[in-house]
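So the sequence shown is residues 10 to 267, counted in the working numbering. Here a beta-carbon is modelled for each residue, glycine too, at the ideal position from N, C-alpha and C. Computed from a prediction, not measured in an experiment: that's the story for all the values here. What follows is a single structure, written as C-alpha cells, with notes after it.
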Amino acid sequence: MKNGSEEKRIVVLIDADNAQQSKLELILAELSTHGRIIVKRAYGDWSSGYLKNWKERLNELAIQPIQQFAYTTGKNSTDASMIIDAMDLLYTQKFDAFALVSSDSDFTKLASRLKESEIYVFGFGEHKTPLSFRNACDDFIFTENLSIEPEPLEELPEAKPAPKADDDALKELIKLLHIGWEKTQDEEGWASISAAGAYIKRQSPDFDPRTYGSSKLTSLLAKLSEHFEMKRYPGKGTTTIVDYRPMVKKSPARKRRR
C-alpha cells in the first residue's frame, strides 16, 4: 500500500439495500479528499420497486449498478455478490483503499480481511451501524455527518455550545481526548492535536468531530475550554501547529490561621 502522503486508488462498493442514495454524492466527495476513485459499484435487485429512485442518481454519478436477484424471499443475496467482487478486486493488487457503504454488520469480516492485506478501509453508514463493523474499518464516517451545507471559514467556539456536563456522550468524548493526549504528549505535557487525533482514530475509527457539531478537532477542543487548554505556534512555512493538554485543576486556597 502507498504511504499516507500519496494519493490512494480507491474502490467504492455500495450495498444499495442498506445505504441512502441521497448521500451518494457526499460520500464520493468525502472520498475524493483522500485520493482517486477508480471503481464505483452499487449492488442490489434493480428490478424491484424498492430501488426505483436509484437509477437517475447512479447515472449522474457514473456508478455501475450490479444486478443481483433475490434467490429467496427475506434473504439478502447482494452481500455475497459484493464480497466476491471485493475479493476479486483485491487480488488484482491495483488498489490502495476500499470504501464499503453499508449499515450492515455482515461486512465486518470483509473489512477485517481487507485490512489483513494492508488495504485501507473506509466505512460509511448510519449511526445504527453495529460497532463491530465500525471498528473493523480504518476510518468509519457516519452519513448523518455528511452535509451539503458549506463549512464556515472559521468556526467560533461559541457558535455551538458543548453538551451539558452530565451528558454521557460528553464524558466519553473527554475520556477519549484525554487518552489521545496521554499517549502522545511530549516531555512538557503537551500533545499535538494532529498526532492525538490520528491515535484516537486508530482506536475509535468512528470518531469524528462533526458528530459533536464541529468541523475539525481544533474547534471541538475550543468548545471544551473548561477541560482542555491549547497553544499555537508556527510550523514550517505557513503551517500553524496546535497542541493541547488537560486543564490543571487548581487546589482551593487554604485559609490562613490567625
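Test item: CB-CB of residue i and residue j under 9 Å
i: residue 150; j: residue 238; result: no
i: residue 52; j: residue 94; result: yes
i: residue 154; j: residue 217; result: yes
i: residue 44; j: residue 113; result: no
i: residue 99; j: residue 128; result: yes
i: residue 147; j: residue 130; result: yes
i: residue 189; j: residue 200; result: yes
Residue i versus residue j: straight-line alpha-carbon distance, rounded
i: residue 165; j: residue 57; result: In this predicted model, residue 165 has a pLDDT of only 38, less than 50, meaning its place in the structure is not dependable enough to derive any value.
i: residue 77; j: residue 90; result: 7 Å
i: residue 46; j: residue 18; result: 6 Å
i: residue 118; j: residue 126; result: 13 Å
i: residue 75; j: residue 50; result: 7 Å
i: residue 187; j: residue 254; result: 8 Å
i: residue 248; j: residue 36; result: 28 Å
i: residue 20; j: residue 202; result: 30 Å
i: residue 110; j: residue 134; result: 6 Å
Best match in the options for proximity to residue i [C-alpha to C-alpha]
i: residue 215; options: 243, 22, 140 and 202; result: 140
i: residue 31; options: 252, 70, 178 and 49; result: 70
i: residue 209; options: 156, 257 and 226; result: 226
i: residue 64; options: 25, 92, 220 and 136; result: 25
i: residue 62; options: 236, 182, 29 and 252; result: 29
i: residue 234; options: 241, 256 and 223; result: 256
i: residue 16; options: 42, 120 and 246; result: 42
Residue i classed as buried or exposed, judged by whether at least 16 other C-beta atoms fall within 10 angstroms
i: residue 161; result: Low per-residue confidence applies at residue 161: pLDDT is 48, beneath 50, and the placement is therefore not dependable enough to give any value.
i: residue 23; result: buried
i: residue 27; result: buried
i: residue 152; result: buried
i: residue 174; result: Interpretation of residue 174 is limited by its pLDDT of 45, a score under 50 that renders its predicted location unreliable; the figure taken from the coordinates is listed afterwards. Flag for residue 174 reads exposed.
i: residue 323; result: Not covered by the structure: residue 323. The range shown for the chain is 10 to 267.
i: residue 231; result: buried
i: residue 221; result: buried
i: residue 250; result: exposed
CB contact below 9 Å: residue i versus chain B
i: residue 113; result: This model lacks chain B altogether; it includes just one protein chain.
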